[in-house]
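Report on one structure; see the data block that follows.
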Amino acid sequence: MPAFHYRQNHLLCEQMSLRTLAEQYGTPLYVYSADAIVQNCAALRRALADTDHLLTYAVKANNNRALLKLIAGQGLGADVASQGELFLALHAGFSPERITFSGVGKREDEIAYALEKNVRLFEVESEQELEYINAVAGRLGTTARVLMRVNLDIDAGAHDYIATSRKHDKFGMAPPRVLEVMKEARRFPSIELRGIHSHLGSQITRVEPFVEAAERLRSLVSDFRAQGIAIDEIDFGGGFGVRYQGIVQHSALAESPEEVADGPTILKRVLPILKHTGCRILLQPGRSIVAEAGALVVKVLYRKHNEEKIFLIVDGGMNDLIRPSLYQAYHQIVPAEIHERQTETVDIVGPCCETGDFFALDRDMPRTQPGDYLAILGAGAYGYALSSNYNARRRPAEVLVNDGTAAVIRQRETLEDLL
Ligand code: LLP
Numbered sequence: 091m092p093a094f095h096y097r098q099n100h101l102l103c104e105q106m107s108l109r110t111l112a113e114q115y116g117t118p119l120y121v122y123s124a125d126a127i128v129q130n131c132a133a134l135r136r137a138l139a140d141t142d143h144l145l146t147y148a149v150k151a152n153n154n155r156a157l158l159k160l161i162a163g164q165g166l167g168a169d170v171a172s173q174g175e176l177f178l179a180l181h182a183g184f185s186p187e188r189i190t191f192s193g194v195g196k197r198e199d200e201i202a203y204a205l206e207k208n209v210r211l212f213e214v215e216s217e218q219e220l221e222y223i224n225a226v227a228g229r230l231g232t233t234a235r236v237l238m239r240v241n242l243d244i245d246a247g248a249h250d251y252i253a254t255s256r257k258h259d260k261f262g263m264a265p266p267r268v269l270e271v272m273k274e275a276r277r278f279p280s281i282e283l284r285g286i287h288s289h290l291g292s293q294i295t296r297v298e299p300f301v302e303a304a305e306r307l308r309s310l311v312s313d314f315r316a317q318g319i320a321i322d323e324i325d326f327g328g329g330f331g332v333r334y335q336g337i338v339q340h341s342a343l344a345e346s347p348e349e350v351a352d353g354p355t356i357l358k359r360v361l362p363i364l365k366h367t368g369c370r371i372l373l374q375p376g377r378s379i380v381a382e383a384g385a386l387v388v389k390v391l392y393r394k395h396n397e398e399k400i401f402l403i404v405d406g407g408m409n410d411l412i413r414p415s416l417y418q419a420y421h422q423i424v425p426a427e428i429h430e431r432q433t434e435t436v437d438i439v440g441p442c443c444e445t446g447d448f449f450a451l452d453r454d455m456p457r458t459q460p461g462d463y464l465a466i467l468g469a470g471a472y473g474y475a476l477s478s479n480y481n482a483r484r485r486p487a488e489v490l491v492n493d494g495t496a497a498v499i500r501q502r503e504t505l506e507d508l509l
């Protein structure tokens, strides 16, 4: 059962009416389906069943602690990008030997904290970072396990801001440089080099870039081994795309589902290639676990016309969900209740004092009125995680629907929280 679907004209999360949830908890409101997250974890685990692997959830996608607990309970590890994310992951019950620490700018105190907590490994982005981690580990009398991040110079077709593996991007190192560094392992007595890491970018919707990356990694591993360098682990990163169009269907909605290769489909193609190396395979999916499991519910405050446009002014804004403003990202937006089959073309905009504060432009929607609720779908990943207090707006509440009950998993911020 998909996380969100219509029963007649009422949109439900699992079996609960979004309108009822919005009335009970207020808007803007993030609503998540526990079952969808569990199913997404299970599908990836099944795809990896015959592979020596570690599946780590990229905490940056959504770090709500109840969701982290749920994901830890599905047997996943965690990939963290800061001390704060590591703190949250440990708090949620992820064991340190299932936690990887990635990110291009780790500070000394963050490295020391991660070493003290004995995380499984660091994913290292530069030679200087390696020297730095070596020094901190030496000082603490410990050893840091490390994967070196390679930049494969593959353009996987993601939005410019979230593509990470073209050679002009700030991430990783060119393979020849990684080889040089790994050959000089003796320079780093407090480092144990275990292998390599590649993350192509995010919201990659085709299989081919992943296949190309897997083939390149396989040949790199043989090159490295030919030079006497042991490679035991490959972290293949995350980046599996999700649907943002046509997530829910109704006869009054024209939108049809977008074609996107999902994680299990991609893994079916890449695992046979990666397995040739005999390495343990790590993965760091974020979006594909939580995106479709979440929606941001907003209330229509006003309808406003000018000569060219109809604006639906809603009570959520770019501070609550910035993806449309920041990446021109498309999110399907549907009424929580379909009262009218007649459609109209609208701009769905927020209350923030920016022209870029919109959720959709020139969107065909069944007609809605002030007081109606809209669900912005696909908002479970990089939604709340990227929210802010811009315009001194309080961050929204988050609710988790689980087995027929709803629970607040993060309170709406209060005015005092703004002080
Ligand atoms: N591993 C590394 C090293 C990453 O940098 C990321 C995401 C992931 C894994 C998880 O990627 P995913 O499976 O979620 O695609 N805010 C943007 C996305 C930024 C992605 C950052 N890194 C958005 O809303 O589209």
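Counting from 1 along the sequence shown, just add 90 to a position and that's the residue number in our numbering. C-beta: ideal position from N, C-alpha, C; glycine also.
Is residue i near ligand 1, judged by its Cβ being under 7 Å from some heavy atom?
{"i": "T495", "result": "no"}
{"i": "P375", "result": "yes"}
{"i": "R306", "result": "no"}
{"i": "D127", "result": "In the sequence as presented, Asp is not what sits at residue 127; that position holds Ile. False, no ligand heavy atom lies under 7 Å from that Cβ."}
{"i": "S292", "result": "yes"}
{"i": "G285", "result": "no"}
{"i": "Y222", "result": "no"}
{"i": "I449", "result": "Rather than Ile, the amino acid found at residue 449 in this sequence is Phe. Checking the Cβ of F449 against ligand 1 gives no."}
{"i": "S192", "result": "yes"}
{"i": "K150", "result": "yes"}
{"i": "G328", "result": "yes"}
{"i": "A303", "result": "no"}
{"i": "R413", "result": "yes"}
Over what stretch of residues does the alpha helix (DSSP H) that includes residue i continue unbroken?
{"i": "Y222", "result": "217-230"}
{"i": "R377", "result": "377-380"}
{"i": "L205", "result": "198-206"}
Between residue i and residue j, what straight-line distance do the alpha-carbon atoms span, to the nearest angstrom?
{"i": "E200", "j": "Q173", "result": "5 Å"}
{"i": "R296", "j": "E302", "result": "11 Å"}
{"i": "P354", "j": "E430", "result": "38 Å"}
{"i": "S255", "j": "P299", "result": "11 Å"}
{"i": "G231", "j": "I161", "result": "33 Å"}
{"i": "R135", "j": "G461", "result": "42 Å"}
{"i": "G195", "j": "M408", "result": "27 Å"}
{"i": "I189", "j": "A171", "result": "11 Å"}
{"i": "V424", "j": "A151", "result": "23 Å"}
{"i": "V209", "j": "L416", "result": "33 Å"}
{"i": "A471", "j": "Y463", "result": "21 Å"}
{"i": "H100", "j": "H258", "result": "48 Å"}
{"i": "R155", "j": "Q317", "result": "44 Å"}
{"i": "F330", "j": "E175", "result": "21 Å"}
Provide the residue span of the beta strand (DSSP E) that contains residue i, from first to last.
{"i": "K394", "result": "384-395"}
{"i": "V439", "result": "433-439"}
{"i": "G174", "result": "Premise fails: G174 lies in the alpha helix (DSSP H), 173-181, not in any beta strand (DSSP E)."}
{"i": "T190", "result": "189-191"}
Considering only the alpha carbon of each residue, which of the options lies closest to residue i?
{"i": "R284", "options": "A275, T495, A182, L237", "result": "L237"}
{"i": "E215", "options": "V271, Y203, L476, S107", "result": "V271"}
{"i": "T435", "options": "R97, H366, L361, A344", "result": "A344"}
{"i": "N241", "options": "L269, Q335, I223", "result": "L269"}
{"i": "D507", "options": "P456, C131, A497, R483", "result": "R483"}
{"i": "Y334", "options": "T146, L361, S378", "result": "S378"}
{"i": "A248", "options": "A426, R235, A419", "result": "A419"}
Beta-carbon of residue i versus every beta-carbon of chain D: anything under 8 Å?
{"i": "R306", "result": "Any reference to chain D falls outside this structure, which holds one protein chain only."}
Q) Would you call the segment 319-332 and the segment 364-382 touching, i.e. three or more CB-CB distances under 8 Å? A) yes
Q. At a cut of 8 Å, does the segment 385-393 reach the segment 117-125 through at least three beta carbon pairs?
A. yes
Q. Just checking, does the segment 404-420 make contact with the segment 475-483 on the three C-beta pairs under 8 Å criterion?
A. yes
Q) At a cut of 8 Å, does the segment 433-449 reach the segment 396-407 through at least three beta carbon pairs? A) yes
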